[in-house]
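Protein chains in written order, with the working numbering: chain U, 1 to 325; chain A, 1 to 514; chain Y, 1 to 308. Remarks on the structure that follows.
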Amino acid sequence: MSTQLDLVPVKPTTAIVGEPETRKRSKWFRLLVNDRVAAAAAVVLGLVFLTGIVGPMLVGNLATHIDLDNSNQAPFTLAHGWANILGTDPLGRSMLARLIVACRTTLSVAVPAVVISAVVGSAIGMWAGYYRGWRETIAMRVADVIMSFPSLLLAVVVLYVFSPSAANIVLVLAITRIPVYLRTARAESAELQSRLFVDAARTFGASAQAIIWRHVAPVVLPTLLTVATLDFCYVMLAESSLSFLGIGIQPPDVSWGLMVSQGRTYLHTAWWLSFFPGLAIVITTVSATILAAWARIATDPGQRWRLTVPQKRLSRFTKTTKALS
Amino acid sequence: MRRQAVAVALAAVTVVASGCTVANSRHGGYDLNTLRIVLPEEPPTLEPCESSLTSTGVVVRSNITEPLIERDPASGELQPLLSTGWRQTSPTEWTFDIRKGVTFSNGAPFTATDAAFSIDRAVNSDLNCNVDGYVFGDEKLKLNAVNDTTLTVATETPDPILPLRISFVEIVPRTTSTTAKVREPIGTGPYVVDDWEYGQKLRLARNATYWGKQPAFARAEYQWRSEGSVRAAMITNDETDIATGLGPEDGAGNLGVAFPNNETTALRITCTQAPLNDIRVRQAINYTVNRTGIVKALFRGMGEPAAQLIPDGVVGHNPDLALWPHDPDKAKQLVAEAKAAGVPVDTQIRLIGRTAQFPKITETMEVIQSELAEIGLNAKIEMMDTAGQLQYQLRPFPDNAGPFVALIMHGNQAGDAAFSVDQYMRTDGAQNGCGTPAFDQNIDAAGQLIGQQRQDAYAKLFAAEPTEVAQFAYIAHMNGVLGKSPRVDYRPNSATGDEMRLSQMTFASTNREA
Amino acid sequence: MFSFVRRRMYTSALPLIIVLLGVFLLARLTGDPTNLYLPESATAEQRADFAAKNGFDQPLLTQLGDYFKGVLHLDFGTSLRTGESASEMALRAFPATLQLAFTTMLLAIVLAVIIGCWAAYRPNSLADRFSSLLSMTAASIPDFWFAITGVWLFAVLLGWLPTSGVDSGLSWILPIATLMIRPLGVLTQVVRGAMVSALSAPYVRLARSKGAGDLRVVTHHALRNAAAPALTVAGDLAVGLVNGAVVVEAIFGWPGIGKLMIDAILQRDFAVLQAAVLLTAVSIFALNILIDACYALLDARVREPARV
Chain U
1 MSTQLDLVPV KPTTAIVGEP ETRKRSKWFR LLVNDRVAAA AAVVLGLVFL
51 TGIVGPMLVG NLATHIDLDN SNQAPFTLAH GWANILGTDP LGRSMLARLI
101 VACRTTLSVA VPAVVISAVV GSAIGMWAGY YRGWRETIAM RVADVIMSFP
151 SLLLAVVVLY VFSPSAANIV LVLAITRIPV YLRTARAESA ELQSRLFVDA
201 ARTFGASAQA IIWRHVAPVV LPTLLTVATL DFCYVMLAES SLSFLGIGIQ
251 PPDVSWGLMV SQGRTYLHTA WWLSFFPGLA IVITTVSATI LAAWARIATD
301 PGQRWRLTVP QKRLSRFTKT TKALS
Chain A
1 MRRQAVAVAL AAVTVVASGC TVANSRHGGY DLNTLRIVLP EEPPTLEPCE
51 SSLTSTGVVV RSNITEPLIE RDPASGELQP LLSTGWRQTS PTEWTFDIRK
101 GVTFSNGAPF TATDAAFSID RAVNSDLNCN VDGYVFGDEK LKLNAVNDTT
151 LTVATETPDP ILPLRISFVE IVPRTTSTTA KVREPIGTGP YVVDDWEYGQ
201 KLRLARNATY WGKQPAFARA EYQWRSEGSV RAAMITNDET DIATGLGPED
251 GAGNLGVAFP NNETTALRIT CTQAPLNDIR VRQAINYTVN RTGIVKALFR
301 GMGEPAAQLI PDGVVGHNPD LALWPHDPDK AKQLVAEAKA AGVPVDTQIR
351 LIGRTAQFPK ITETMEVIQS ELAEIGLNAK IEMMDTAGQL QYQLRPFPDN
401 AGPFVALIMH GNQAGDAAFS VDQYMRTDGA QNGCGTPAFD QNIDAAGQLI
451 GQQRQDAYAK LFAAEPTEVA QFAYIAHMNG VLGKSPRVDY RPNSATGDEM
501 RLSQMTFAST NREA
Chain Y
1 MFSFVRRRMY TSALPLIIVL LGVFLLARLT GDPTNLYLPE SATAEQRADF
51 AAKNGFDQPL LTQLGDYFKG VLHLDFGTSL RTGESASEMA LRAFPATLQL
101 AFTTMLLAIV LAVIIGCWAA YRPNSLADRF SSLLSMTAAS IPDFWFAITG
151 VWLFAVLLGW LPTSGVDSGL SWILPIATLM IRPLGVLTQV VRGAMVSALS
201 APYVRLARSK GAGDLRVVTH HALRNAAAPA LTVAGDLAVG LVNGAVVVEA
251 IFGWPGIGKL MIDAILQRDF AVLQAAVLLT AVSIFALNIL IDACYALLDA
301 RVREPARV
């Protein structure tokens, strides 16, 4: 009797997949194109990054030009000029222009924070998981210490003792997120220590650094990538929570989080003030998450087979033999 | 299998145990005789000598405790309360007649001794009461309860407005501690503290032995929510009867009542450092701030562009003073002149504001910064929390603060210009940023006068300040918005923000008391 | 197992001390509380008086010594703001947050496991993609925006729920929903991803060929292997809840410890801040020990260091 479970695709035992490999570069491209949703997400994310890099130059001073007569105009009408297609804010500035400028600020806070915490956290985690013993204990306790500090207290202190700036926000967010990577990397690295290939490498006299870099890291990487993109999500939301508490990005700088926070008092009268930046956050993070899920499969040699044919044809890999009765 | 069962059982037990009650909660529908009020924050304490702090005073003043004299916010006149009459018996002494037949809510009788004790405790003791600093400054008072119904108060220097100052001191029984502040006080007021669930609710109940007319509502219940839109939602959802501190767009709709709340916003310029030490630059700032535009677009017309630090109704207000004209070209010209004279106008000026001090403060700061930029001044916005901003509002200012302009909001609760002028305009005032000795002399002279002369002298000071000192660029006299349920009758006035008298709230005429 | 837990408790003592030390120093770095607690025109003497009364004029090391001495007697000082004992304030506020966090996490885990397994059961189907999209969106919504919109929609517009407060059972719904959307979204994705890998592994085929039904395969075999990464993520999310229910407590007037901490920071109320942070730190350490114990329970390989 065959059930739903039998329809779950399993890895084929013979290599019947796809076309023969051509150039290395197009292998990744093929893997991406085979998953249409991930490809769409990649395009969206690319657009977002492009906007962040190039957008503010194109927009000029539309984002900062205050025009009190035009305050809080509704979106989706060309009556106030094409620049105000998404409405205006209480000071009459174009929402579209502000969204574009905010894109750059938000990305310049979120991306470095994630990168720094991922690199530092996973390096320490892998090192701790490799050696076990006292190194592991110390690393885990350091992670505990960081995690029990209220991230808000750390943020307030950093932003008052030093001056409030995007760099300091990046620093605070990076430090508070290190434990996440540390624990994940350590857990996976510790589990790998008992695997045969690590044992073999040690027997051959490979140094700890070589083993970590060549054997542990590639296995840990897929999980870390997933964690990193989910973390990217968290950092963007944390930045908006900091703005809610009044200690995030400071005006006249603008970020999506700050726009959502400032717009929350206008929910009844000017819903677009919070909605569009919120939508921007959601679109960016959802695209990043989809891409992360794809990357997790693509970088894992044991799972890569799923992407070697277009998704529709994955059913070729379900069990087709007759069930035993 | 067994492990699973244990895990499930453990989970179930914890859920049930925790789900039974929310820690610190109670149920209820609502009782029609309870007046429900929601504030922006929980009063840290109900200590009466701290009642000049808004979050404490709004609950305590004239509800739980009462002063000897009360100021009528509409007319500005002093009304008898626990004192039936008062007169100045010598230049440095005032005599007060004490009302007979009043008891505290704990049964103790109220006499002049209690009055003397309360004033002494608030002003002369080591408690560091807020009332002391706000109302009395450095003054030390000599008190004498001549008999049960007469009290004399002697000051070091002649003080024509002593009764006004005395109206800030709430009267407590003589048994109240003088070494520690009291969190839940005893008083003579129409209500007593019934129950205070710290962090959640504060309940008051009618004082059965109150000497005056019993208030309409038998009980009052205070809650607090920090988000304005949530407070407004509570009003529209009939979860509360009164909501304070709403903004114009919080969603109270036509249940929101706008009223002038006695606060005035202004830019206070410190003139110790260039470029702000040049009066042309300060006047240029005044020319470029578009008060009318800000009130119209940001405050939605709720407020009045200001030409002085105090609104109408306060003694010393100058009704003839015209608004500083909005003239960006003139401003640019002044800045150019200053630049030509060698003033470094490009130096970065810090524009300091307090987060969430009033609705739209961030937008106001952004408008001001862009207006300053337009005339060639380099201003940087710095929004800080209350503790941080107070360092730049109160002397002593931090070292190496650089040239800075602080956005302040001043509420003159007392009804006399002396309180504002002494704090802000005297060179040794706690919140002063700029002054001259000549101006100080005029301030002192005005403070000695009474009646119409006093009014005229202060009015002249406000008229002369822009040309002599130019410490301020006033913005607006602000309006507050109070959310009010249709079942309650109450007209908010300029004192409502600091002193919300529950006895003035009655059932709306269509309801009958249950 | 118990020796494992005991060992972890000993090694947690030193970090706890470091946390205490850290918060003591950081709190004092935030600035001087004098302006908040003294009248505006306080003289220099009054300021000196205030500092002396609260011990702020002592050198930092002396203050630190007094603080640790107090901790050993479980005396955390009194609040500058209210005059109450700091530990009393923290202990009063903590259970409310704990209840909120616990219920939220429980609901999030249960729902995430159900939805994640169901989605992994039929991967790449329409239902799977839809639930993936929904969970990703849920993990991306700013919490305070969700809360305020929820208040407006469900309380004001529809009138189904109270706006805030702790009065009735219904008033739990919005705070829990707000606190739960992100953990639910994140956990669903993690569970789904791990389950997809687990369900396509060889041992599933083996179990099926031995005659196991679908439910047994999913719960007994696949879920156990998928539980490990899910557990780590759940643990981090739980810690984040305990530490950061500030937004929810601020908006809904929930009398919890998150709001107490942020108020203490803004009011420079050092005693209350220290007490509150210590309380949450202890509970976070306990939670981590619990998670590590579960982890070791699930995967015997992690329990002991590898013997080479």
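From the three backbone atoms N, C-alpha and C, an ideal C-beta is built for every residue, glycine too.
Taking a contact to require three or more Cβ pairs closer than 8 Å, the stretch 53 to 65 of chain A and the stretch 187 to 202 of chain A qualify as touching. Collapsing the DSSP output to three states places aspartate 69 of chain U in a helix.
Tryptophan 211 of chain A carries a coil assignment under DSSP once its states are collapsed to helix, strand and coil. Inclusion of valine 146 of chain A and isoleucine 166 of chain A in the CB contact set at 8 Å is not warranted, their separation being larger than that value. Inter-residue distance for glycine 253 of chain Y and leucine 46 of chain A is about 20 Å (C-alpha atoms, whole angstroms).
Within the same chain, Gln79 come within 6 Å of aspartate 72 of chain A by CB-CB distance, once the 5 residues on both sides are set aside. Take the alpha-carbon of valine 142 of chain U and the one of serine 140 of chain Y: they are about 29 Å apart. Proline 142 of chain Y is a Cβ neighbour of isoleucine 281 of chain U, given a cutoff of 8 Å. DSSP lists A:Thr152 as the beta-bridge partner residues of asparagine 144 of chain A. Short of 8 Å from the beta carbon of isoleucine 443 of chain A, and not among the five residues preceding or following it, lie these beta carbons of its own chain, in chain order: Val421, Asp422, Met425, Arg426 and Leu461.
Unbroken beta strand (DSSP E) stretches of 3 residues or longer found wholly inside the stretch 281 to 336 of chain A: 303 to 305, given in chain order. Counting only runs of 3 or more residues that sit fully inside the stretch 377 to 421 of chain A, the beta strand (DSSP E) segments are 378 to 384 and 404 to 411, in chain order.
Pairing threonine 292 of chain A with proline 305 of chain A, the inter-Cα distance amounts to about 6 Å. Taking all protein chains in view, the Cβ of tryptophan 294 of chain U is crowded by 16 or more other Cβ atoms within 10 Å, so the residue is classified as buried. Listed along the chain, the chain A residues whose CB falls inside 8 Å of the CB of leucine 68 of chain U are Asn290, Gly293, Ile294, Lys296, Ala297, Leu298 and Val367. Within the stretch 244 to 289 of chain Y, no complete beta strand (DSSP E) segment of 3 residues or longer occurs. In this structure valine 59 of chain A is buried. Its beta-carbon is surrounded by 16 or more other beta-carbon atoms within 10 angstroms. Pairwise C-beta distances place the stretch 124 to 137 of chain U in contact with the stretch 199 to 218 of chain U, as three or more of them are shorter than 8 Å. Judged by DSSP secondary structure, methionine 195 of chain Y falls within the alpha helix (DSSP H) whose first and last residues are 173 to 199. Restricting attention to A:Glu263, A:Pro109 and A:Glu239, the CA atom closest to the CA of phenylalanine 358 of chain A is found in A:Glu263. For the stretch 353 to 365 of chain A, the residues whose beta carbon sits under 9 Å from a beta carbon of chain U are, in order, Thr355, Ala356, Pro359, Lys360, Thr362, Glu363 and Met365.
The beta carbon of threonine 106 of chain U lies closer than 6 Å to those of Ser255 and Trp256 in the same chain, with the five residues before and after it left out. Your pair isoleucine 161 of chain A and glycine 187 of chain A does not check out as a contact, with CB atoms roughly 24 Å apart and the cut at 8 Å.
Sequence-ordered contacts of the stretch 382 to 405 of chain A with chain Y read Asp385, Thr386, Ala387, Gly388, Leu390, Gln391 and Leu394 [C-beta pairs closer than 7 Å]. DSSP places isoleucine 349 of chain A in the uninterrupted beta strand (DSSP E) bounded by 348 to 354. The way I'd put it, the stretch 160 to 174 of chain Y does touch the stretch 218 to 233 of chain A; three or more beta-carbon pairs between them come closer than 8 Å. Neighbours of asparagine 288 of chain Y across chain U, judged by C-beta separation under 7 Å: Asp144. For phenylalanine 24 of chain Y, the uninterrupted alpha helix (DSSP H) run begins and ends at 2 to 29, by DSSP. Phenylalanine 130 of chain Y sits exposed, since fewer than 16 C-beta atoms from the chains shown fall within 10 Å of its C-beta. Rounded to the nearest whole angstrom, the CA to CA distance from arginine 104 of chain U to valine 281 of chain A is 35 Å.
Minimum Cα-Cα distance from valine 48 of chain U among the listed residues U:Leu273, U:His268 and U:Val101 corresponds to U:Val101. Here the C-alpha atom of aspartate 132 of chain A lies approximately 6 Å from the C-alpha atom of alanine 122 of chain A. Just so you know, the alpha carbons of glycine 451 of chain A and arginine 87 of chain A end up roughly 15 Å apart.
Nearest CB-CB separation between alanine 281 of chain Y and chain U: below the 8 Å threshold. The beta-carbon separation of glycine 83 of chain Y and aspartate 66 of chain Y, rounded to 19 Å, does not stay under the 8 Å limit for a contact.
Using a Cβ distance threshold of 8 Å, valine 260 of chain U and isoleucine 169 of chain U do not count as a contacting pair.
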